[in-house]
Ligand code: TLP
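Residue numbers (the numbering used here): 492 to 831.
The structure is reproduced here in structure tokens:
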């Protein structure tokens, strides 16, 4: 029985063609800035996002943290939507590495300009001064929802008018772009900086890119070094990123339609789907989710229990249309076995 891995879009393995591109990559020592493939990836990323410069980093987490380092000082506050990756899943790095306090606003990862205004405290010694607003698009924990462009622009503009740096955790910004038909550069425009991940839906084995102004990237580069993220012949992995940007963007639409099919099937079984998927993530309610996760493992379907009542499944390039049908029939089997 083939295992169908729906835990995350991070689980994909490089294709043969991607491996060939990696094997033949021209490389150099990137700590000296001499890796032509890394340099090319950074140029392509800057161009795609409409920013001056870019920095190849090991992960989305490192990209977000380098951005925080570049824009804040210890004791500053970083504002994020609730359930943001920066808050929940970066192992407290903002506090541990840069001494910042992460504060939340809005609900379900979304907020308005008025909520940004409200979240920025007046100048008063009691408060940690808000120095950065970090938004997340698509928003992971809400089921890969796209933060609509107009409210996003408004929230970013309010933060900027109040002197905050505005960062986008765009781990899945290509999903937002494909789902909306709006270019990545348009989604990036309201932000001083953004990260996007090559190792999620785009199917590369490693890597993210942080983009911003040349000055900002210079500061972030230092933070990357401090985190031990200076890689040497990194062109081997940058080549996978370049390959992914060239060949794996349009196909994200297939992941989105697969997620919708999965959501419909799951809903038909009587589970409540949190929000009908706009992109590649489906979150649904299940009693004793941790137990259900194990019941599905026994049937060769890997999922993620986010809490004991919420499960997440994610579509990606290593699950085919037929795998979705298969996964649905195995989930149906597990759900029926429960009701007996
Ligand atoms: N998310 C992972 C887990 O860490 C939860 C996943 O499986 O979805 N921003 C967002 C919005 C993310 O979803 C992730 C990864 C990151 C940043 C961090 O990327 P990595 O894993 O490359 O550090």
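For glycine and all other residues, C-beta sits at the position ideal for the given N, C-alpha and C.
Nothing here was measured: the structure is a model prediction, and the numbers come from that model.
Give the single residue among the options whose Cα lies nearest to the Cα of residue i.
{"i": "residue 801", "options": "532, 777, 725, 741", "result": "777"}
{"i": "residue 734", "options": "523, 531, 502", "result": "531"}
{"i": "residue 815", "options": "581, 774, 756", "result": "756"}
{"i": "residue 766", "options": "601, 653, 636, 623", "result": "636"}
{"i": "residue 729", "options": "514, 541, 565, 811", "result": "514"}
{"i": "residue 721", "options": "539, 559, 548, 528", "result": "548"}
{"i": "residue 764", "options": "775, 594, 771", "result": "775"}
{"i": "residue 629", "options": "563, 771, 536, 830", "result": "771"}
{"i": "residue 550", "options": "672, 798, 813, 660", "result": "660"}
{"i": "residue 596", "options": "678, 605, 589, 588", "result": "605"}
{"i": "residue 639", "options": "824, 787, 737, 600", "result": "600"}
{"i": "residue 564", "options": "623, 526, 594", "result": "623"}
{"i": "residue 697", "options": "786, 768, 510", "result": "510"}
{"i": "residue 631", "options": "732, 577, 594", "result": "577"}
{"i": "residue 520", "options": "574, 561, 725, 585", "result": "725"}
{"i": "residue 627", "options": "621, 619, 646, 620", "result": "646"}
{"i": "residue 642", "options": "603, 827, 588, 676", "result": "603"}
{"i": "residue 493", "options": "581, 830, 817", "result": "817"}
{"i": "residue 769", "options": "754, 760, 762, 761", "result": "754"}
{"i": "residue 554", "options": "796, 674, 712, 676", "result": "712"}
{"i": "residue 529", "options": "788, 723, 633", "result": "723"}
{"i": "residue 505", "options": "517, 738, 574, 590", "result": "738"}
{"i": "residue 648", "options": "672, 621, 608", "result": "608"}
Would you please state the rounded distance, in angstroms, between the beta carbons of residue i and residue j? I believe it to be under 8 Å.
{"i": "residue 625", "j": "residue 569", "result": "6 Å"}
{"i": "residue 790", "j": "residue 752", "result": "At roughly 19 Å, the Cβ-Cβ gap does not stay under 8 Å, so residue 790 and residue 752 are not in contact."}
{"i": "residue 557", "j": "residue 715", "result": "5 Å"}
{"i": "residue 536", "j": "residue 700", "result": "4 Å"}
{"i": "residue 592", "j": "residue 619", "result": "5 Å"}
{"i": "residue 702", "j": "residue 540", "result": "4 Å"}
{"i": "residue 495", "j": "residue 788", "result": "Wrong, their Cβ atoms sit about 11 Å apart, outside the cutoff."}
{"i": "residue 732", "j": "residue 695", "result": "5 Å"}
Do three or more CB pairs link the region 600 to 617 to the region 737 to 750 at distances below 8 Å? no
Segments assigned alpha helix (DSSP H), at least 4 residues, entirely inside the region 649 to 694: 664 to 671, 675 to 679
Report the residue ranges of all alpha helix (DSSP H) runs contained in full by the region 732 to 784; include only those spanning at least 4 residues, in chain order. 743 to 759
Decide if the region 686 to 695 is in contact with the region 659 to 676; the criterion is three or more beta carbon pairs, one per stretch, under 8 Å apart. yes
As an exercise, report each continuous beta strand (DSSP E) stretch of at least 3 residues that is fully enclosed by the region 783 to 808, in chain order. 801 to 805
Beta strand (DSSP E) runs wholly inside the region 568 to 621, at least 3 long, in chain order: 568 to 572, 592 to 596
With a threshold of 8 Å, are at least 3 pairs of Cβ atoms found where one atom belongs to the region 700 to 714 and the other to the region 541 to 548? yes
Contact the region 666 to 686 vs the region 777 to 792: 3+ CB pairs below 8 Å: no
Does the region 652 to 660 come close enough to the region 551 to 571 that 3 or more CB-CB pairs lie under 8 Å? yes
Taking contact to mean at least 3 C-beta pairs separated by less than 8 Å, is the region 801 to 811 in contact with the region 497 to 514? yes
Suppose only complete runs of 3+ residues qualify. What are the beta strand (DSSP E) ranges in the region 514 to 555, listed by chain order? 544 to 548
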